[in-house]
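J.: I'd like to ask you about the structure that follows.
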Amino acid sequence: MRVGINYPWINYDWDFGIPPRGWGARAAWRSRLQRDLEGFRDLGIFAVRWWVLGSGLLYGVGRNAPRLARTSWQVPAVPQLPREIVEDFAAALPYFRRANIKLMPVFCDYKMFFAGEMTNTTGYVKSGRQELISDAVKRGQFLRNALRPLLAACRGFEDLIYAWDLCNEPEWCVRNGGAGVPTDRRATLELPAMLAFLREGVVMINLAGFRSTIGFNHRTTVDAWGSIGLQVRLHQCHYYPHNEFLPRHTFSPEYPLIIGEFPSALYRPWPALAAAETRDASDRLLRRLRHLQSLGYPDAFIWSAQEPAPTPEGTDLQAVAWDEAARRQLRQFSGR
898 MRVGINYPWI NYDWDFGIPP RGWGARAAWR SRLQRDLEGF RDLGIFAVRW
948 WVLGSGLLYG VGRNAPRLAR TSWQVPAVPQ LPREIVEDFA AALPYFRRAN
998 IKLMPVFCDY KMFFAGEMTN TTGYVKSGRQ ELISDAVKRG QFLRNALRPL
1048 LAACRGFEDL IYAWDLCNEP EWCVRNGGAG VPTDRRATLE LPAMLAFLRE
1098 GVVMINLAGF RSTIGFNHRT TVDAWGSIGL QVRLHQCHYY PHNEFLPRHT
1148 FSPEYPLIIG EFPSALYRPW PALAAAETRD ASDRLLRRLR HLQSLGYPDA
1198 FIWSAQEPAP TPEGTDLQAV AWDEAARRQL RQFSGR
């Protein structure tokens, strides 16, 4: 089994593009990315998962920023992706080539589609962009104006793109996603609109010549929302168990299922490993990697290389322990 890692960002909303004045340096990752990638490579890591738009802060600013109309947030226009976002994203790709590590870009995060959140900088709004999915016309414009330029920026680097992740954990922003599918009280979208977005985005990624994936939070969603029917080429789920056992991998080698996130910290004991983890959690990362490998998963991505890192939505449990002990266990697993 190959091991990847979630970077997942240096600055969540503005790793790519010009940040609001006073928020910090543009593309702050430039000073450390090469060092980080070489360190990952030396640990045996083969790929990195990295957010691009986050909650959408830099996509639609000023007069194009989301605005509250009575009780719902609206997007006045669907702009072209800022040239600076594309430039910064394209500038990151040679770093991966030099380090011989693959990249899994994450186009957008579920937080993009929660209710808007005003910032202390005029013209910049976090989230509030649910119309980019709920409105069929704007949905198509969003994919053409924002996703397509990023796909085009990868030309010449096809061998470095492990897959294009259309959306991280889309379940959280969907009401009534189905039995066993997680949701959030802040959800703004209906399932048919989300499925249309996922289907259209996946087709665009596939036609561009890249493997498509969707970062589903839960294994149940892979089946309930029909990842196969959506034409996803690389199926994905995350594993933060609430007493759920992870089933064996049963997907085809051509279109496998991967674990896109799992906690490096104890977080909660894994049901299949509960006795051992309750007794001694000191080697949990090694134990978990071996367990995922025993279930037949071809690739698994650690959450995460960021310290301190945000915790998964809806919990105060720490999911990250990216320390020397974790790195030692990863070296042991990878034979480095």
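At position 42 of the sequence shown the residue is numbered 939 (this note's numbering), and the sequence of numbers has no breaks.
For every residue, glycine included, the Cβ atom is placed at its ideal position computed from N, Cα and C.
Nothing here was measured: the structure is a model prediction, and the numbers come from that model.
Grab me the residues of I1155's own chain with a C-beta within less than 6 Å of its C-beta, minus the 5 sequence neighbours each way, in chain order.
T.: Q1133, D1196
J.: Can you give the Cα-Cα distance for V972 and K1023, rounded to whole angstroms?
T.: Cα to Cα, V972 sits roughly 12 Å from K1023.
J.: Rounded C-beta distance between A1216 and W1200? I'm assuming under 8 Å.
T.: 6 Å
J.: Can you tell me which of P963, G1075, W1061 puts its alpha carbon nearest to the alpha carbon of Q1027?
T.: P963
J.: Measure the Cβ-Cβ separation of D910 and A924 and say whether it is below 9 Å.
T.: no
J.: Would you kindly report the start and end of the unbroken beta strand (DSSP E) that includes V1003?
T.: 999–1006 is the extent of the beta strand (DSSP E) around V1003.
J.: Would you identify the three-state DSSP class for A1223, choosing helix, strand or coil?
T.: helix
J.: Three-state secondary structure (DSSP) at R929?
T.: coil
J.: Would you mind stating whether G1123 and L1092 have Cβ atoms separated by less than 9 Å?
T.: yes
J.: At which residue ranges does the region 1026–1091 contain complete alpha helix (DSSP H) runs of 4 or more residues, listed in the order of the chain?
T.: 1028–1031, 1033–1039, 1045–1050
J.: Should the region 1081–1090 be regarded as contacting the region 1109–1116, the criterion being three or more beta carbon pairs within less than 8 Å?
T.: No: fewer than three Cβ pairs fall under 8 Å.
J.: May I ask you to report which of helix, strand or coil DSSP gives N961?
T.: Assignment of N961 by DSSP, reduced to helix, strand and coil, places it in the helix class.
J.: Straight-line CA distance for Q1203 to D933?
T.: 11 Å
J.: Would you mind stating whether L978 and A989 have Cβ atoms separated by less than 9 Å?
T.: no
J.: Mark M1015 as exposed unless 16 or more other C-beta atoms lie within 10 angstroms of its C-beta, in which case mark it buried.
T.: exposed
J.: Helix, strand or coil: which one does DSSP assign to M1015?
T.: M1015: strand per DSSP, three-state reduction.
J.: I'd like the list of long-range same chain contacts for P1138, defined as Cβ closer than 8 Å, with 5 residues on each side in sequence excluded.
T.: R1165, W1167, P1168
J.: With 16 as the cutoff for other CB atoms within 10 Å, does G1126 come out buried or exposed?
T.: Only exposed fits G1126, as fewer than 16 other CB atoms lie within 10 angstroms of its CB.
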